[in-house]
Amino acid sequence: MERTVSQTSTSEESLTQRPGSKVVGTVEEAVAGIGDGALLAVGGFGLCGVPQVLIDGVLASGATDLAIASNNCGVDEAGLGVLLMAGRIRKMFSSYVGENKEFARQFLSGELEVELMPQGTLAEKLRAGGSGIAAFFTQAGVGTQIAEGGLPRKYDADGGIAVASPTKEVREFDHGGNTTEFVLEEAIVADFALVHALKADVYGNLVFNKAARNFNPLAAMAGKVCIVQAEEVVGPGELDPDEIHLPGVYVHRILPVGTDIAKPIEKRTVTAADTDAREGGN
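First residue of the sequence shown: 1, per the UniProt record's numbering; consecutive thereafter.
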């Protein structure tokens, strides 16, 4: 699947010259420093809000043995699936692993380690990592193998469990007048974050478009170095403070990609009535 980045406009080029600007001019500059063994936090949900240009940049860079925290791993030919197909991913921290046959094959054959967790737990792990919180207690997973351990994280070549999840600390707290058990979950702090935004100003204040907001702000927070691909980059003061979803303090590099980038849909479904209407039927 061929993907292209729109040429940077003159106005965008001038934005790189603004004092304090975080705008970069090329994909290579954006993903510089992402080396073998890096832990990446990547935004997106399914194929919505996925930073595909940056993912393709990591693929082109040759970086391998990557660990990635993301809701899912794309599909076989899009999203993080392009890194997976190339054998660049060592471990995934995810909450959903469907829609990707290669993912299943690599996991079951022992080529890929997977730390599976509830979706809300993954979201909070990323948010906590970006907020300076080392760990937190949650009710999600209490009384299951999430807390008790033994979930397969990696298989060996014979189908046995090579790496299993550990037992986690469970404590009781007075919660609303009731004694309730909670399991301890550790935060995720990534070496780099890859994020897609609708708009950014030169200082990294970000606006996300509807559902593309999904995991993008959380991934951005969790990265020691946050790299953003933005469809539009504007100057200082051009964003209304009330529309900003993530402050620029979390952002380090911004790559303008334009609005004509590919935005694939996993499954396109229409009703019979809609089909008839488009074909001139009654």
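Glycine included, every Cβ here is placed at the ideal spot set by N, Cα and C.
Take Ile244 as the anchor and find which of Ala262, Ile227, Tyr203 and Ala273 has the nearest alpha-carbon.
-> Looking up residue 244 in the sequence shown gives position 244. Measuring from the Cα of Ile244, the nearest candidate turns out to be Tyr203.
Name the two residues that bound the continuous beta strand (DSSP E) containing Thr179.
-> Indexing the sequence shown from 1 puts residue 179 at position 179. Asn178 to Glu186 is the span of the beta strand (DSSP E), which, as asked, contains Thr179.
Roughly how many whole angstroms lie between the Cα atoms of Ser61 and Leu39?
-> Position 61 of the sequence shown, counting from 1, holds the residue named residue 61. Position 39 of the sequence shown, counting from 1, holds the residue named residue 39. One C-alpha to the other measures close to 15 Å.
Starting from Gln119 and walking both ways along the alpha helix (DSSP H), at which residues does that stretch end?
-> Along the sequence shown, one-based indexing puts residue 119 at 119. Per DSSP, Gln119 belongs to the alpha helix (DSSP H) from Gln119 to Gly130.
Would you check if the distance between the CB atom of Lys210 and the CB atom of Glu232 is smaller than 7 Å?
-> Within the sequence shown, residue 210 is the residue found at index 210, counting from 1. Within the sequence shown, residue 232 is the residue found at index 232, counting from 1. Cβ distance not < 7 Å, so Lys210 and Glu232 don't count as in contact.
Buried versus exposed, by CB contacts within 10 Å (16 or more), Glu28 | For the purposes of this step, residue 28 is taken as the residue at position 28 of the sequence shown. By the Cβ-count criterion, Glu28 is exposed, with fewer than 16 other Cβ atoms from all chains shown falling within 10 Å of its own Cβ.
Can you name, in chain order, every residue of its own chain whose Cβ lies under 6 Å from the Cβ of Ala197, other than the five neighbours on each side?
-> Here the question's residue 197 lines up with position 197 in the sequence shown. If we look at Ala197 and ignore the five residues flanking it on each side, its Cβ neighbours are Leu206, Phe208, Val228 and Ala230.
Kindly identify the DSSP beta-bridge partner or partners of Leu198.
-> Numbered from 1 along the sequence shown, position 198 holds the residue referred to as residue 198. DSSP output for Leu198 lists no bridge partner at all.
Could you give the C-beta distance for Ser95 and Cys73, rounded to a whole number, given that I count them as a contact under 8 Å?
-> For the purposes of this step, residue 95 is taken as residue 95 along the sequence shown, with counting starting at 1. For the purposes of this step, residue 73 is taken as residue 73 along the sequence shown, with counting starting at 1. Going by Cβ atoms, the distance from Ser95 to Cys73 rounds to 11 Å, so no, they are not a contact pair.
Whose C-beta lies closer than 7 Å to the C-beta of Thr167 among residues of the same chain, with five residues either side of it excluded?
-> As a working note, residue 167 is residue 167 in the sequence shown. Once the five neighbours on either side are set aside, the close Cβ partners of Thr167 are Glu148 and Gly149.
By a C-beta neighbour count over all protein chains shown, 10 Å radius and 16 as the cutoff for buried, is Gln139 buried or exposed?
-> As a working mapping, residue 139 is identified with position 139 in the sequence shown. Classification of Gln139: exposed, given that the 10 Å Cβ count is below 16.
Can you give the Cα-Cα distance for Pro118 and Gln145, rounded to whole angstroms?
-> Stepping through the sequence shown from its first residue, residue 118 is reached at position 118. Stepping through the sequence shown from its first residue, residue 145 is reached at position 145. One C-alpha to the other measures close to 12 Å.
Give me whichever residues DSSP pairs with Gly223 in a beta bridge.
-> The residue labelled residue 223 in the question sits at position 223 within the sequence shown. DSSP output for Gly223 lists Ala190 as bridge partner(s).
In the DSSP assignment, find the alpha helix (DSSP H) that holds Asp56 and state where it starts and stops.
-> For the purposes of this step, residue 56 is taken as the residue at position 56 of the sequence shown. That run of the alpha helix (DSSP H) goes Gln52 to Ser61.
C-alpha gap between Val251 and Asp158, whole angstroms = What you label residue 251 is simply residue 251 of the sequence shown in a count that begins at 1. What you label residue 158 is simply residue 158 of the sequence shown in a count that begins at 1. If I take the Cα positions, the gap works out to 44 Å.
Between the Cα of Glu111 and those of Ala162, Leu239, Pro51 and Cys48, spot the shortest distance and give me the residue it belongs to.
-> Here residue 111 corresponds to residue number 111 of the sequence shown, with the count starting at 1. Taking each of Ala162, Leu239, Pro51 and Cys48 in turn and checking the Cα distance to Glu111, the smallest one comes out for Ala162.
By a C-beta neighbour count over all protein chains shown, 10 Å radius and 16 as the cutoff for buried, is Pro256 buried or exposed?
-> The sequence position of residue 256 within the sequence shown is 256, counting from 1. Per the 10 Å Cβ criterion, buried.
Distance between Val270 and Ile133 (C-alpha atoms, nearest Å) = Against the sequence shown, residue 133 aligns to sequence position 133. Against the sequence shown, residue 270 aligns to sequence position 270. Going by C-alpha positions, Ile133 is about 44 Å away from Val270.
Over the uninterrupted alpha helix (DSSP H) stretch that includes Ala32, give me the two end residues.
-> In the sequence shown, counting from the first residue as 1, residue 32 sits at position 32. Run containing Ala32: none; DSSP gives neither H nor E here.
Does the stretch 54 to 71 touch the stretch 18 to 25, meaning 3 or more C-beta pairs lie closer than 8 Å?
-> By the C-beta criterion, the stretch 18 to 25 is judged not to be in contact with the stretch 54 to 71, since fewer than 3 inter-stretch pairs fall below 8 Å.
Leaving out five residues on either side along the sequence, give the residues of the same chain with a beta carbon under 7 Å from the beta carbon of Ala135.
-> On the sequence shown, residue 135 is found 135 positions in, with the first residue counted as 1. Answer for Ala135: Leu184, Glu185, Glu186 and Ala187, listed in chain order.
Identified DSSP bridge partners for Ala67 | What you label residue 67 is simply residue 67 of the sequence shown in a count that begins at 1. DSSP output for Ala67 lists Leu39 and Lys91 as bridge partner(s).
Which term fits Gly43, buried or exposed, when burial requires 16 or more other beta carbons within 10 angstroms of its beta carbon?
-> Stepping through the sequence shown from its first residue, residue 43 is reached at position 43. Result: buried.
Less than 7 Å separating the beta-carbons of Lys91 and Glu124?
-> As a working mapping, residue 91 is identified with position 91 in the sequence shown. As a working mapping, residue 124 is identified with position 124 in the sequence shown. Not in contact: Lys91 and Glu124 (Cβ atoms no closer than 7 Å).
By the 10 Å Cβ neighbour count, where 16 or more other Cβ atoms means buried, how is Ser70 classified, buried or exposed?
-> Within the sequence shown, numbered from 1, the residue matching residue 70 stands at position 70. It counts as buried.
Measure the C-alpha to C-alpha separation of Asn216 and Tyr155 and round it to an integer number of angstroms.
-> The residue given as residue 216 occupies position 216 in the sequence shown. The residue given as residue 155 occupies position 155 in the sequence shown. Spanning the two alpha carbons is a distance of roughly 30 Å.
CA-CA distance, Gly235 and Ala222?
-> Taking the sequence shown and counting its residues from 1, one reaches residue 235 at position 235. Taking the sequence shown and counting its residues from 1, one reaches residue 222 at position 222. Cα-Cα distance, rounded: 25 Å.
Could you name the residues of the same chain whose beta carbon sits closer than 7 Å to that of Gly120, not counting the 5 residues immediately before and after it, in chain order?
-> As a working note, residue 120 is residue 120 in the sequence shown. Counting only Cβ-Cβ distances below 7 Å, and skipping sequence neighbours, we find Ala140.
May I have the straight-line CA-CA distance separating Ile261 from Glu169, to the nearest angstrom?
-> Sequence index remark: in the sequence shown, residue 261 carries index 261 (1-based). Sequence index remark: in the sequence shown, residue 169 carries index 169 (1-based). Roughly 45 Å separates the two Cα atoms.
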